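First comes the structure, then the notes that go with it.
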Ligand code: UD1
Ligand code: CA
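Numbering (the working numbering), first residue to last: 722 to 1169.
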């Protein structure tokens, strides 16, 4: 698509009352401006250029490799776009301008708007929508159905304030025409800023046509200027996400209390119960059940898994695993097929092979556990000596007695057994029994 975009993201975002630059505040788990870039990628634009200024390093840290120009001082949206003039001086194609704080725009809408713009042959097309309460947005002033100006809230008189058609902050126009008009704007207004919106009046005066592309769903153009609007935008994106998952065959018991971030993928017939939080690049297979208060972050889960009230971070869980209630997988853990971990079990940077069971009150860190091994209640790998971390290697078909302390580094051979309550500091040979505890003393008739 022979279309370049300019994305406004240099502003201070004062109304957000935040140290974080506005455009990298997250909406349903994704930085606002990243969400816009994703839509533009789907749209297939030629090049996307950001206008950065306020805390640009922080924004670049989040976005990585992007094309941008710098607006050193934030003198208004018109001044911001001017900063791209040098970069686009030899470009005679079309540009689409977007704001970095309108994260609900869909690529389908932008495509339709652009196609309409091309067909109509007008100088500029503005994306608009109708709000019953248009407060805060620029108003679209029309004469005989033709756009003649955009008037900002602060500049609007009582009559203009009543106009319900508002500016979404998205514009399509020819690059040369845009910069010609921008050369003529000034800052003689309430805010003392160079308003991009003033190009409309200028073009109309020059006899050019400006049209509005009116969007029916006004929620899509929501501009995020405050934390209230941030929550509103997140809610809308969450609803969209939930809807698309259900359409793909996922069962959400109560979508209104389910928090699934933008990039999460879930297979069909998986059931997600209320209060579940799924974040980041999490992938869940088919036919799973994720129950009550579970939180899963950046993890990959297979099929037919049952998780109850548990936390999983940056880990892999294979088919038919059962987990919880109240289990915790910390980063770099891998539970292979049919593993079961139960109440109050914490696993960190460990691999549990096929069929391993650790039912209760256990900590396994920096450990590998061979297939079909049983880990008794209260078992702990003592993997840290206060300075360094050490590995524990447990073989196949091992029986670790309850309350075993495995002082790492230590190896337990295949089919070995440890006696309950033992502190194991030395390697245990395959098939051996290791017991480390004092003999039980019995004093008869001890109590009178
Ligand atoms: C702007 C529009 C308004 C429209 C609304 C839609 C103007 C003058 N007004 O108002 O008509 O209804 O968006 O949401 O354009 N920015 C810069 N440099 C600056 C100032 C702003 O890059 O010097 C960026 C901001 O980071 C932001 C975007 O421009 O991403 C919009 O700025 P904002 O202050 O939010 O404008 P609004 O008052 O919402
Ligand atoms: Ca705004």
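Using N, Cα and C, we set each Cβ at its ideal position, and we do this for glycine too.
Bear in mind that the values here come from a model prediction, so they are computed numbers and not experimental data.
Please state whether DSSP places residue 853 in a helix, a strand or coil.
Note: residue 853 maps to coil in three-state DSSP.
Starting from residue 1074, follow its DSSP beta bridges and name the residues at the other end.
Beta-bridge pairing links residue 1074 to no other residue.
Kindly identify the DSSP beta-bridge partner or partners of residue 1044.
1028 and 1062
Residue 946: beta carbon under 6 Å from a heavy atom of ligand 2?
Within the cutoff, so yes.
Environment of residue 904 [buried if 16+ CB atoms lie within 10 Å]:
exposed
Excluding the 5 residues preceding and the 5 following residue 1132 in the sequence, name in chain order all residues of the same chain whose CB lies nearer than 7 Å to its CB.
Excluding positions up to five away in sequence, the list reads 1114 and 1148.
According to the neighbour-count rule (16 or more other Cβ atoms, all chains shown, within 10 Å of its Cβ), is residue 1165 buried or exposed?
exposed
Exposure label - residue 1052; buried when at least 16 CB within 10 Å:
exposed
Pairing CB atoms from the stretch 874-891 with CB atoms from the stretch 844-864, are three or more of them under 8 Å?
yes
Count the other CB atoms, across all protein chains shown, that sit within 10 Å of the CB of residue 900; report buried if there are 16 or more and exposed otherwise.
Here residue 900 is buried: its Cβ has 16 or more other Cβ atoms, across all protein chains shown, within 10 Å.
From 1138, 1162 and 1159, pick the residue whose C-alpha is nearest to that of residue 1151; which is it?
1138
Residue 798 and residue 871 - do their beta-carbons sit closer together than 7 Å?
no
Where residue 843 falls: helix, strand or coil (DSSP):
Coil, per DSSP.
Whether residue 893 touches residue 828 by CB criterion (7 Å)
no
Cβ of residue 798 less than 7 Å from any chain B Cβ?
Here chain B cannot be found, since the structure has a single protein chain.
Which whole runs of the beta strand (DSSP E) in the stretch 874-898 are 3 residues long or more, in chain order?
886-895
Proximity winner among 906, 787 and 952, relative to residue 769 (alpha-carbon distances)
787
Taking 7 Å as the threshold (C-beta atoms), are residue 1036 and residue 1054 in contact?
yes
How would you label residue 967, buried or exposed, when you count the other beta carbons within 10 angstroms and need 16 or more for buried?
exposed
Considering only C-alpha positions, which residue in the set 947, 809, 758 and 735 is nearest to residue 785?
With respect to the C-alpha of residue 785, the residue from 947, 809, 758 and 735 having the closest C-alpha is 758.
Assuming residue 814 and residue 725 form a contact by the criterion Cβ under 8 Å, report the distance between their Cβ atoms to the nearest whole angstrom.
7 Å
Figure out for me which residue from 834, 1079 and 823 has the closest Cα to the Cα of residue 1068.
1079
For residue 1109, count the other beta carbons within 10 Å of its own beta carbon; 16 or more makes it buried, fewer makes it exposed. Which is it?
Under this definition residue 1109 is an exposed residue.
So is the beta-carbon of residue 859 under 6 Å away from any non-hydrogen atom of ligand 1?
Yes, since a heavy atom of ligand 1 falls inside the 6 Å radius drawn around the Cβ of residue 859.
So does residue 822 have its beta carbon nearer than 6 Å to some heavy atom of ligand 2?
yes
Please name the residue in 1118, 824, 997 and 869 whose C-alpha comes closest to that of residue 846.
869
Would DSSP call residue 768 helix, strand or coil?
strand
The stretch 726-733 / the stretch 940-947 touching (three or more Cβ pairs under 8 Å)
no
Under the three-state DSSP convention, the category residue 1003 falls into
coil
Kindly list the residues whose CB is nearer than 8 Å to the CB of residue 935, restricted to its own chain and excluding five residues on each side of it in sequence; keep chain order.
849, 850, 851 and 886
Give a yes or no on whether the C-beta atoms belonging to residue 1048 and residue 1031 are separated by under 7 Å.
Residue 1031 sits close to residue 1048, with the two beta carbons spaced by under 7 Å.
Can you name the start and end residues of the beta strand (DSSP E) that residue 817 belongs to?
Unbroken beta strand (DSSP E) run through residue 817: 815-820.
In this structure, how does DSSP classify residue 1190 when only helix, strand and coil are distinguished?
Outside the modelled stretch of the chain, which goes from 722 to 1169, sits residue 1190, for which no answer is possible.
Boundaries of the beta strand (DSSP E) in which residue 867 is found, first to last residue
867-872
Excluding the 5 residues preceding and the 5 following residue 954 in the sequence, name in chain order all residues of the same chain whose CB lies nearer than 7 Å to its CB.
748, 824, 825, 943 and 945
Ordered along the chain, which non-local residues of its own chain (more than five positions away) have a Cβ less than 6 Å from that of residue 1017?
999, 1003 and 1033
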